[in-house]
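Structure first, commentary second.
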Amino acid sequence: MSEKNNLSKKQQKQNDDLNIFIRKPVFFLMKHNVSPNVLSYIGFFCSTLAGIFLGFGFISKGIFLAWIPPFFIFFAGAFDIFDGAVARRMNRDNPSGAFLDSNLDRLSDAIIILGLVYANLLDFIIGYILLFLTLMISYTRARAETVGIEMKGIGIMGRAERIIIIIIALTIEGWIIQVYFWIEQNYSNIFFNIFVVLYLLLLTITLLHRIIHTFISLKNQNKPSKSFKEDNA
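So the sequence shown is numbered by the working numbering: it starts at -12 and just counts up by one.
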């Protein structure tokens, strides 16, 4: 019980911190009556552009182009937050909108990963593994919540964390490539290769955490109460 209370307090603090940053843009969108679904589509469009620019190798084409993919990934993540916040505040939070948002999020994740593969920042096999883990992390949450398990805050690599880490990694990669260009040395993606290994490890830990949490929660749900045992003794 204390673990649940600590988790809920952590979630509440995260929500409070987030609301400080999104309050003004959310109220602006509400004032202009922008539909949450429109925001979901805008976020997906930003992810698509990010994937395309990654695929065209913008990260390795100089610092003035390298910032473009992380820029669009950032806005994709921002609109992914805005759509839910606007929907809740406008009382337009409904299953169809949640279904649309969830599917667009999965497509967005896949497009960005494909962009990384096409740009040779990821090997094909690593790309498949990365896509598998990303989809499974989302799938385990969706399946667990259908049987009544609270999954919010479970795992260290939720979608928001994944987006932030990818943005940071791509930004650093762009700068490193530029530095190597300035000193006229060949670059072999050393940083990004190390990053990918750590990223895959964190994704695996998150997936296992969610699976274990779900099994433990289901086991506790199915455990007979003390009074039930005494009545049947």
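Note that beta-carbon positions come from the ideal geometry of N, C-alpha and C, so glycine has one too.
Original post:
Based on Cα-Cα distance, which residue from F61, I154, N24, Y126 lies nearest to R197?
Top reply: Among F61, I154, N24, Y126, the Cα nearest to that of R197 is on Y126.
Subject >> Cα-Cα separation between V183 and I155, rounded to whole angstroms >> reply: The C-alpha of I155 is placed about 13 Å away from the C-alpha of V183.
**OP:** Could you check how far apart the C-beta atoms of L194 and M123 are, in whole angstroms? I think they sit under 8 Å.
**Re:** Their Cβ separation, rounded to whole angstroms, is 5 Å, which keeps L194 and M123 in contact under 8 Å.
Original post:
According to DSSP, is W54 helix, strand or coil?
Top reply: In this structure, W54 counts as coil in the three-state DSSP scheme.
Subject >> Nonlocal neighbours in the same chain, by C-beta distance under 7 Å from L52, ignoring five residues either side >> reply: Around L52: F45.
Original post:
In chain order, what residues of the same chain have a beta carbon less than 8 Å from the beta carbon of A220, not counting five sequence neighbours either side?
Top reply: Unreliable placement is indicated for A220, whose pLDDT of 41 sits below 50; the coordinate value is still reported in the next sentence. Cβ within range, chain order: n/a, list empty.
Original post:
Do you know offhand how far T35's Cα is from Y105's?
Top reply: Rounded to whole angstroms, T35 to Y105 spans 14 Å at the Cα level.
**OP:** Look up M138 in the DSSP assignment and say whether it is helix, strand or coil.
**Re:** The answer is coil: DSSP assigns M138 none of H, G, I, E or B.
Original post:
Would you call Y115 buried or exposed, if buried means 16 or more other Cβ atoms sit within 10 Å of its Cβ?
Top reply: Exposed: under 16 other Cβ atoms inside 10 Å.
Original post:
Quick check: the stretch 60 to 71 against the stretch 20 to 27, are there 3 or more CB pairs under 8 Å?
Top reply: Put simply, the stretch 60 to 71 touches the stretch 20 to 27. At least three CB pairs are less than 8 Å apart.
Subject >> Backbone CA spacing between F43 and K206 [nearest angstrom] >> reply: Distance between the alpha carbons of F43 and K206: 49 Å.
**OP:** With a 10 Å radius around its C-beta and 16 neighbouring C-beta atoms as the bar for buried, classify T133 as buried or exposed.
**Re:** The residue in question, T133, is exposed, as its Cβ has fewer than 16 Cβ neighbours within 10 Å.
Original post:
Could you give the distance in angstroms between the alpha-carbon of S89 and the alpha-carbon of T158?
Top reply: Their Cα atoms are separated by approximately 26 Å.
Original post:
What do you get for I140, buried or exposed, if any count of 16 or more other CB atoms within 10 angstroms of its CB means buried?
Top reply: According to the sequence shown, residue 140 is Gly rather than Ile. A residue is called buried when at least 16 other Cβ atoms come within 10 angstroms of its Cβ; G140 does not meet this threshold and is exposed.
Subject >> Inter-residue Cα distance where the pair is I151 and F61 >> reply: I151 and F61: Cα-Cα distance of roughly 8 Å.
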